[in-house]
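Chemist: First the structure, which I've put down as structure tokens, then a few questions once you've had a look.
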Amino acid sequence: MDSPNPAVPLEELPQVTVELLVFSINGNPCSHDTFSQYIWRPSLEKAGVLKRLYKPDGKPRKAWHDPEGCNTYHVLRDTFASVHLAAGEPPATVAAWMGDTVETIYRCYAHWIPEMSGAGLRTMNQWLSTPA
């Protein structure tokens, strides 16, 4: 995104928090159900991940076959967190971006946080093993 005023660097502009990231083609907020039914699931069907179910008369149902049972668009949120944590972004930063607590980030995504160098453990072991 470019700064609306090129004389002011983007980093210096005030931050704005928004609740909605998806809008309809008319600029109206797009609900969870609308996004899922008309954008997310059809996209996954085209990618071969989901299969639309049909009524006996051939009309499409509002149901999809999801063999893995995990293809909700919530995976976008999980992917966002996982990618940033695996790249070494601090859990507190990711929590702030996602509107979560650090505890939630650790509970849900700790397996994506890279192993630390072990310097603290080595220091503690050295300190405990040094004679008084």
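For the sequence shown, the numbering used here assigns the number 111 to the initial residue and increments by one for each residue that follows. Each residue gets a CB set at the ideal place from its N, CA and C atoms; glycine is no exception. Since the model is a prediction, treat every value here as computed from it, not as a measurement.
Please classify Ala-191: is it buried, with 16 or more other beta-carbons within 10 angstroms of its beta-carbon, or exposed?
Modeler: buried
Chemist: How many Å lie between Trp-207 and Arg-187 at the Cα?
Modeler: 11 Å
Chemist: Kindly indicate which three-state DSSP category Lys-172 falls into: helix, strand or coil?
Modeler: strand
Chemist: Would DSSP call Leu-160 helix, strand or coil?
Modeler: coil
Chemist: What distance in whole Å lies between the Cβ atoms of His-175 and Leu-160, which are believed to be in contact at a cut-off of 8 Å?
Modeler: Cβ atoms of Leu-160 and His-175 come within 8 Å of each other, at about 7 Å.
Chemist: Please list the terminal residues of the continuous alpha helix (DSSP H) segment that includes His-142.
Modeler: Its alpha helix (DSSP H) spans residues 142 to 145.
Chemist: Using a Cβ-Cβ cut-off of 8 Å (strictly less than) and excluding sequence neighbours within five positions of Thr-214, which residues of its own chain qualify?
Modeler: If we look at Thr-214 and ignore the five residues flanking it on each side, its Cβ neighbours are Ala-205.
Chemist: Comparing alpha-carbon positions, which option in Pro-177, His-142, Ser-134 and Glu-122 lies nearest Glu-155?
Modeler: It is Pro-177.
Chemist: May I ask you to report which of helix, strand or coil DSSP gives Pro-201?
Modeler: It is helical.
Chemist: Does DSSP classify Pro-152 as helix, strand or coil?
Modeler: The answer is helix: DSSP assigns Pro-152 an H, G or I state.
Chemist: The alpha helix (DSSP H) that contains Ala-196, what's its start and end?
Modeler: 184 to 196
Chemist: To the nearest angstrom, how far is the alpha carbon of Gln-147 from that of Asn-136?
Modeler: The straight-line gap from Cα to Cα measures roughly 17 Å.
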